[in-house]
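A.B. asks: Protein chains in written order, with the numbering used here: chain B, 6 to 324; chain Y, -2 to 343; chain C, 237 to 633. This structure is in structure tokens; I'll ask about it shortly.
Pasting the structure below:
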């Protein structure tokens, strides 16, 4: 935590003495290094979005389910991190807890509930998952209370790396970037390079293929749902120390993840990856350089993309 | 969509008559609650033209609703209200123009993408009111209530009488909207919309320019949402950005789903049920969300066709053109409810 | 916890009955009977969602004061009716109606969220229901939209930030920036900060904003080093404040951070070392040394098993103000003249020190300069004594 104590040694009283450290570098360099920092921010944010969006897009692609409760799964992951860190004193247990818990929860939800809804209309799924959001919020309130809670960064990663003069980047954020990239690579290999992945791709492209080829649809569905859920929970675990945990925290992430999924193309994990990075960068750079319109930026982007390519960047012509 | 049997028609007329009698027995609070439900019903009903009738699921419908309310705010002077004869047409016109602009672009996308594009446009309108000072910014603003009256004759209303008058205005608007839509759906235009919902390609093959029909439906729905938004301005005299946001659209969608997709009465029943549910849940418990969540879950699990589908299943059949029932069922299981996307090889 | 029951007889019926009895026996006057009727106090607060904790603390503090008074205010039994406003502005008029028109409360205490406050304000301006605001700080409520029946015992967004600006200005700070959410509370606090700075020749160089309630602060933090300011002030609250302070520390920015006190209020445990040394200004703080505060904190801890915070104080004072008003008219809410005279003239002995009401019905109070020391918002002194909001545009009828 040296960043904190060092900085605050001076406080407002002597700030005029401390505050002029920035004039050592020439202006242009300053702008460039800020841009670099902003790019880093955008990438980190985008990768986190990818973890959420990839599950969403897989579940939609294979089962055709619009899961509004995906944001709640993210919230559950974050609260898992909080509860695990609180009871065991270490965040490290939260990661396996999130992954295993996610797989379990996904299996239970799929077998117990969602399975009945594949044949139903999309709008029924919307209604179902909306009800789940409300119930998840009540459960959260009953179990963890309504307070916002901070989740400590593991001590090993609790330091900052200076990226520009006057701006450092938290090591934990680098760790998040690394973990997300690892997970993305794993997901890519699983889907593109394994036999089971081929089945998932087949199922996502042409759901009727599954029956024609005599594949075990039930197993595919449960697995995809479980993995998607686990990804959302993992994203929540990773995000908890960055964003703290608080009621309704899934809401904001849900909508933006849908934007990612749509821009990337429904069902396309690769599309979700690039779209997530795009959204992360546009949102971050928009906030930094044109704050007045940054709220609009991602929606304008989505509208433009969809009017230009109605099936999304990586989507197929008809689905 | 529209009840054809004498029995259901009499039932609807009786429901309207009962609603008209409500203010005679209800407390002032419940009259205002009634207005709230009626406005919600108008919004849901206007959306039903898109969702249930044409198979277009929009998440940007709140934009036209909120825009209408904001228009009333923007054109009303600070001290004396304008006549409803000015504010209502202005609100409808603004919503209609916005719907024409947004619809002409959004309708290029289909299915789930259409839903997301309308969401995007809805959020753009939201941010216009949320992030600029046009309409009072994030906290919203108060407006001067429009004056109830026609051709220069204003109703002389005391403050006590006003809620009841507003209730009747909204009730008349809702009934008119219902009858208008019922008429519309029986016309050729309505038949084409139903055809688009069931199978858009077939309609195109028959020589219909489906884009134009869909756009017309989108604009009409937007204008009707404007009527609802105007009703809100009249009722509450208060605008805030949340009126425009996607939550409002989602809520209207929820009402339709609760009431049933298959009939025009569905959204009205759904809106009343949803408003009532909020009221009852709040009275029963401090865990309001738990009750709401459980009830919605029960509806979706036990009443797959909504409340109306449960009570009057024949509505579903009546709504669809003869002979197209079976294929429509199969298609709708695979695609968006009547997104009009063709099954391959069809 | 009193349950939500609707009393079958309306007030008018009871008054009529009272008048009839009065004629017959000539002993009990109308209000004496009305006095026997419990006083209905509606609490419209967030009990779910992001601000639930604030709503809970305000409620506990209100209940505490009523219990201290033996369950009676102005001699009347108090019936509390709670309503969760969910912090949803679009439902606010309907929710306010529930209390005002359905339950016919005599007094409404609410709320936290300023957008919801606008909805309440609309309803109570029309109904004339006595309303006490226990948190929402939007200037309009005691500014251009001020109303005779609406009082505020919390703060205006302008007040704490103005105190911070004054302190920095006095120290000779020339250039500062302000980071906040782009919404009413953020803008108004920024304005207060700016006016404070300018009083002593300082200057607000830039206002950095992000959308409410987003918490992606990194794009803003990366810009600070390039601004060339001496100090960064900010307004965030709750979970966002936790995250902001932690990220500010992690970003290694050399410019000191300060702000409106909500930045470090009720969040210190979560912020940990990242908050150490941060200076903020607020109308409350730890270690305010008066007997009232000591007693209040102890009582709150006994009741709630957690420490009191500024929100609890605001709720407590809302109930204190109500108690003063009702005592003055002996529970007779019909005596509006006497009631408002008492409320306007109220001098409250608050845990935060002495407070009063401005003519716009906003609270006049000390703004304290605090510094985070060992996980406490230690009060360093008074940033602005008995500071009143300018209350611009208020034309009290």
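The beta carbon of each residue, even a glycine, is placed where N, CA and C say it ideally should be.
(1) Against residue 304/B, what residues of chain Y qualify as contacts under a CB-to-CB distance less than 7 Å, listed in chain order?
(2) Does any CB atom of chain C fall closer than 8 Å to the CB of residue 59/B?
(3) Out of curiosity, what's the CA-to-CA distance linking residue 441/C and residue 227/B?
(4) What residues of chain B sit near residue 450/C, judged by a beta carbon separation below 8 Å?
(5) Locate the alpha helix (DSSP H) running through residue 632/C, then write down its first and last residues.
(6) Going by CA-CA distance only, name the one from 278/C, 360/C, 460/C that's closest to residue 43/B.
(7) Please name the residues in the region 539 to 554 of chain C whose beta-carbon is closer than 9 Å to at least one beta-carbon of chain B, in chain order.
(8) Find the residues of chain B that neighbour residue 106/Y, judging by a C-beta separation of less than 8 Å, and give them in chain order.
(9) So which residues on chain C does residue 299/B lean against when the C-beta distance must stay under 8 Å?
(10) Along the chain, where does the beta strand (DSSP E) containing residue 573/C start, and where does it finish?
(11) Kindly indicate which residue of 44/Y, 26/Y, 31/Y, 24/Y has the alpha-carbon position closest to the one of residue 398/Y.
(12) Please classify residue 337/C as buried or exposed, where buried requires at least 16 other C-beta atoms within 10 Å of its C-beta.
(13) For the alpha helix (DSSP H) containing residue 173/Y, name the first residue and the last one.
(14) Would you list, in sequence order, the uninterrupted beta strand (DSSP E) runs of no fewer than 3 residues that lie entirely inside the region 458 to 543 of chain C?
(15) Is residue 151/B helix, strand or coil when you go by DSSP?
(16) In the region 218 to 234 of chain Y, which residues sit with their C-beta less than 7 Å from some C-beta in chain C, listed in chain order?
(17) When DSSP labels each residue in this structure, what does residue 50/B get in the three-state scheme?
(18) Figure out for me which residue from 183/Y, 167/Y, 198/Y, 249/Y has the closest Cα to the Cα of residue 228/Y.
(19) Would you kindly report the start and end of the unbroken alpha helix (DSSP H) that includes residue 290/B?
(20) Which complete alpha helix (DSSP H) runs does the region 219 to 244 of chain B hold, if anything under 4 residues is left out?
(21) Kindly confirm or deny that the region 234 to 246 of chain Y and the region 111 to 120 of chain Y touch, where touching means at least three C-beta pairs closer than 8 Å.
(22) Flag this pair as yes or no: are the beta carbons of residue 429/C and residue 398/C separated by less than 8 Å?
(23) Hey, residue 234/B and residue 66/B: beta-carbon distance below 8 Å or not?
(24) Go ahead and label residue 610/C buried or exposed: buried means 16 or more other beta carbons lie within 10 angstroms of its beta carbon, across all protein chains shown.
(25) Out of 285/B, 138/B, 122/B, 317/B, which one is the CA nearest neighbour of residue 455/C?
(26) By the 9 Å beta-carbon criterion, what residues does the region 323 to 349 of chain C contribute toward chain Y?
(27) Which residues of chain Y have a Cβ atom closer than 7 Å to the Cβ of residue 263/B, listed in chain order?
(28) In whole angstroms, what is the alpha-carbon distance linking residue 304/B and residue 518/C?
(29) Would you call the CB atoms of residue 203/B and residue 214/B closer than 8 Å?
(30) Pull up the distance between the alpha-carbon of residue 110/Y and that of residue 295/Y, whole angstroms please.
(31) Less than 8 Å between CB atoms is the rule here; does residue 116/B satisfy it with respect to chain Y?
(32) Taking 8 Å as the CB-CB limit, is residue 634/C close to chain B?
(33) Can you name, in chain order, every residue of its own chain whose Cβ lies under 7 Å from the Cβ of residue 207/Y, other than the five neighbours on each side?
(34) Got a sec: is the Cβ-Cβ distance from residue 184/B to anything in chain C below 8 Å?
(35) Closest to residue 286/C by C-alpha separation, out of 370/C, 320/C, 296/C, 583/C, would be which residue?
(36) Rank 154/Y, 231/Y, 46/Y by C-alpha distance to the C-alpha of residue 174/Y and give the top, closest one.
C.D. replies: Put simply:
(1) 117, 120, 121
(2) no
(3) 56 Å
(4) 257
(5) Premise fails: residue 632/C is in no alpha helix (DSSP H) and is neither H nor E.
(6) If we check each option's Cα against that of residue 43/B, 460/C comes out closest.
(7) none
(8) 311, 312, 315
(9) One finds 446, 447 in chain C with Cβ atoms closer than 8 Å to the Cβ of residue 299/B, taken in chain order.
(10) Careful: residue 573/C lies outside any beta strand (DSSP E), inside the alpha helix (DSSP H) at 572 to 580.
(11) Since the first residue shown for chain Y is -2 and the last is 343, residue 398/Y is missing from the structure and cannot be characterised.
(12) Buried: at least 16 other Cβ atoms inside 10 Å.
(13) Going by DSSP, residue 173/Y is part of the alpha helix (DSSP H) stretching over 159 to 183.
(14) 467 to 471, 493 to 496, 515 to 518
(15) Three-state DSSP puts residue 151/B in coil, outside helix and strand.
(16) 233, 234
(17) Helix.
(18) That would be 167/Y, whose Cα lies nearest to the Cα of residue 228/Y.
(19) Looking at the DSSP string, the run of the alpha helix (DSSP H) that includes residue 290/B is 274 to 294.
(20) none
(21) yes
(22) It is a contact, given that the beta carbons lie within the stated cut-off.
(23) no
(24) exposed
(25) 285/B
(26) 324, 325, 326, 327, 328, 329, 330, 331, 333, 334, 336, 337, 338, 339, 340
(27) 113
(28) Taking the straight line from one Cα to the other gives about 38 Å.
(29) no
(30) 29 Å
(31) no
(32) Absent from the model: residue 634/C. The displayed extent of chain C is 237 to 633, so no value can be given.
(33) 193, 197, 200, 201
(34) no
(35) 320/C
(36) 46/Y
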